[in-house]
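A.B. asks: Residue numbers (the working numbering): 580 to 621.
1) Determine the DSSP secondary structure at residue 603, reduced to helix, strand or coil.
2) Is the Cβ-Cβ distance between residue 604 and residue 595 less than 8 Å?
3) I need the straight-line Cα distance from residue 598 to residue 617, nearest angstrom please.
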């Protein structure tokens, strides 16, 4: 049995961070948190 980890999200976040080097990492994290919140809305 192999556990399949979703590396695509991590890679896309990394690429996004590279593209937005002028932006603070905290801002990138906040954007990611907003997306998580939207997904977790009940």
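Beta carbons: idealized from backbone N, C-alpha and C, even for Gly.
C.D. replies: Put simply:
1) Here residue 603 is taken as the residue at index 24 of the chain shown, counted from 1. In this structure, residue 603 counts as coil in the three-state DSSP scheme.
2) Sequence index remark: in the chain shown, residue 604 carries index 25 (1-based). Sequence index remark: in the chain shown, residue 595 carries index 16 (1-based). Going by C-beta atoms, residue 604 is not nearer than 8 Å to residue 595.
3) Position 19 of the chain shown holds residue 598. Position 38 of the chain shown holds residue 617. Each residue's Cα considered, the two are about 23 Å apart.
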